[in-house]
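S.K.: Each residue of the sequence shown is one higher than the one before, counting from 21 in the working numbering.
Let me begin by handing over the structure; questions about it come next.
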Amino acid sequence: PYKGSGTASGEQLCPPPLLPRLWPGTPPHTLLGASAGCRCIRAAAPVRLPGSPLATLGLCGFRTCEPPPPLPPPDPSCAAVALRSLLAADLRFSRQLGVCAGERSAWGSARPLLRLLEVSGHGVPWLAGTLYGLGRSESPAGREVLLNLLFALLLDLVLVAVVKGLVRRRRPTHNKMDMFVTISVDKYSFPSGHATRAAMVCRFVLHHLVLAIPLRVLVVLWAIIVGISRVMLGRHNVTDVAFGFIMGYMQYNVVKYFWLSPLSAPALFAVWNQ
Ligand SMILES: CC(C)=CCC/C(C)=C/COP(=O)(O)O
Numbered sequence: 021p022y023k024g025s026g027t028a029s030g031e032q033l034c035p036p037p038l039l040p041r042l043w044p045g046t047p048p049h050t051l052l053g054a055s056a057g058c059r060c061i062r063a064a065a066p067v068r069l070p071g072s073p074l075a076t077l078g079l080c081g082f083r084t085c086e087p088p089p090p091l092p093p094p095d096p097s098c099a100a101v102a103l104r105s106l107l108a109a110d111l112r113f114s115r116q117l118g119v120c121a122g123e124r125s126a127w128g129s130a131r132p133l134l135r136l137l138e139v140s141g142h143g144v145p146w147l148a149g150t151l152y153g154l155g156r157s158e159s160p161a162g163r164e165v166l167l168n169l170l171f172a173l174l175l176d177l178v179l180v181a182v183v184k185g186l187v188r189r190r191r192p193t194h195n196k197m198d199m200f201v202t203i204s205v206d207k208y209s210f211p212s213g214h215a216t217r218a219a220m221v222c223r224f225v226l227h228h229l230v231l232a233i234p235l236r237v238l239v240v241l242w243a244i245i246v247g248i249s250r251v252m253l254g255r256h257n258v259t260d261v262a263f264g265f266i267m268g269y270m271q272y273n274v275v276k277y278f279w280l281s282p283l284s285a286p287a288l289f290a291v292w293n294q
């Protein structure tokens with residue numbers, strides 16, 4: 021490879037010099053054979069073509085290759101601008117709603133109550149309660165429901181961990197990381213695991229437990245309040261909770277689709293019934 025003439029800054033390795041210009045009058049930098057980013061910086065003396073009084077053969081004496089100019093920044097699309105505005109509004113609004121983020125916050129005195137709600141939607145009590153119920157249950161129908169609830173809770177933990185690990189959205193800066201039993205991905209906030217669990221458990225309970233209307237209303241209210249309390253505690257932004265509700269709602273469809281029963285999973289139930 022040929023190193024350029026050394027006269028221009030930002031030189032790079034260049035193709036060989038002395039590339040011919042085949043017709044008269046062509047500016048030196050458009051010499052035949054010029055490659056992208058390279059230009060002739062000094063033409064050699066023209067050589068008259070034998071047999072033709074007018075035509076000359078242009079030769080390039082020195083070529084230089086300059087780094088290509090930087091690409092202009094990509095045009096922000098409408099969707100990107102809308103997403104950025106939504107996220108900015110989300111951060112602002114969530115900060116305003118984080119009225120129990122600390123003891124000294126505007127509604128700091130309500131923080132202990134909201135932390136109790138936090139425990140009510142946490143994975144540990146739900147898993148422990150379901151396992152305890154499974155151990156105590158004597159009816160096959162009850163065991164089937166509890167086994168599926170266990171499957172639903174484990175599925176929820178896995179899916180939330182996967183999405184949190186992929187999205188890696190940090191928790192709001194005003195959040196105090198004093199949560200009850202967390203795993204590594206719980207440093208991320210999207211989606212809210214409490215919201216997914218609350219929405220999924222709410223649908224599960226409404227479908228599989230025979231409850232009086234006031235109790236059914238209470239279950240729905242509990243799920244909604246658990247979600248709202250995540251923002252008030254400063255644990256999450258509004259979009260984390262909104263997406264969590266949607267995700268939890270859809271997770272129940274997966275549980276329903278793969279419902280475990282003595283027919284669909286005979287081996288599992290045979291082991292259990294021994
Ligand atoms: C350790 C176990 C079994 C569950 C973790 C539950 C937990 C801490 C979820 C995080 O919820 P948010 O995303 O709503 O803060």
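Where a beta carbon is used, it is the ideal one built from N, C-alpha and C, also for glycine.
1) Tell me the DSSP secondary structure of R190 in three-state form.
2) When we look at the beta-carbon of Q271 and count the other beta-carbons within 10 Å, is it buried (16 or more) or exposed?
3) In terms of alpha-carbon separation, which member of L111, L288 and V291 lies closest to V251?
4) May I ask whether a heavy atom of ligand 1 can be found less than 6 Å away from the beta carbon of R190?
5) Please report the Cβ distance between L280 and E138, rounded to the nearest whole angstrom; I am assuming they are in contact, meaning their Cβ atoms lie under 8 Å.
6) Assign E158 to buried or exposed, taking buried as 16 or more other Cβ atoms, counted over all protein chains shown, within 10 Å of its Cβ.
7) Measuring alpha carbon to alpha carbon, tell me which of R189, F210 and P132 ends up nearest I266.
8) Is there at least one non-hydrogen atom of ligand 1 closer than 6 Å to the beta-carbon of R156?
9) Please check the pair V239 and L226, which I expect to be a contact at CB under 8 Å, by giving their CB distance rounded to whole angstroms.
10) If you draw a straight line from the alpha carbon of R217 to that of T193, how long is it in whole angstroms?
11) Over the uninterrupted alpha helix (DSSP H) stretch that includes S140, give me the two end residues.
12) Starting from Y208, follow its DSSP beta bridges and name the residues at the other end.
13) Is it the case that the stretch 134 to 149 contacts the stretch 165 to 185, given that we only count it when at least three CB pairs across the two stretches are under 8 Å?
14) What is the C-beta distance between G185 and V201, in whole angstroms, given that I count them as a contact (C-beta under 8 Å)?
15) Below 8 Å on the Cβ atoms is my guess for N257 versus S114; work out the distance and round it to an integer in Å.
16) Compare the Cα-Cα distances from S249 to each of H142, Y277 and L229 and report the closest residue.
17) Report yes if the C-beta of R223 is less than 6 Å from at least one heavy atom of ligand 1; otherwise report no.
18) Alpha carbons only, please: which of V165, P88 and V230 is nearest the one belonging to K276?
19) Please work out which residues of its chain come closer than 7 Å, Cβ to Cβ, to F278, disregarding the five sequence neighbours upstream and downstream, and give them in chain order.
20) Taking the alpha-carbon of C120 as reference, which of R223, N195 and A232 has the nearest alpha-carbon?
21) Can you name the start and end residues of the alpha helix (DSSP H) that G155 belongs to?
22) Candidates S105, A287 and P132: which alpha carbon is nearest D198's?
23) Taking 6 Å as the limit between beta carbons, can you name the residues of its chain near G45, skipping five residues before and five after?
M.R.: Judging by the given coordinates:
1) In the three-state reduction of the DSSP assignment, R190 falls in the strand class, which pools E and B.
2) buried
3) L111
4) no
5) Going by Cβ atoms, the distance from L280 to E138 rounds to 29 Å, so no, they are not a contact pair.
6) exposed
7) F210
8) For ligand 1, not one heavy atom lies less than 6 Å from the Cβ of R156.
9) 6 Å
10) 24 Å
11) R131 to S140
12) R190
13) yes
14) About 18 Å; that fails the 8 Å criterion.
15) 4 Å
16) H142
17) no
18) V165
19) none
20) N195
21) G143 to R156
22) P132
23) The pLDDT assigned to G45 is 49, lower than 50, so where the model puts this residue is not dependable; a value taken from the coordinates is nonetheless given after this. Counting only Cβ-Cβ distances below 6 Å, and skipping sequence neighbours, we find nothing.
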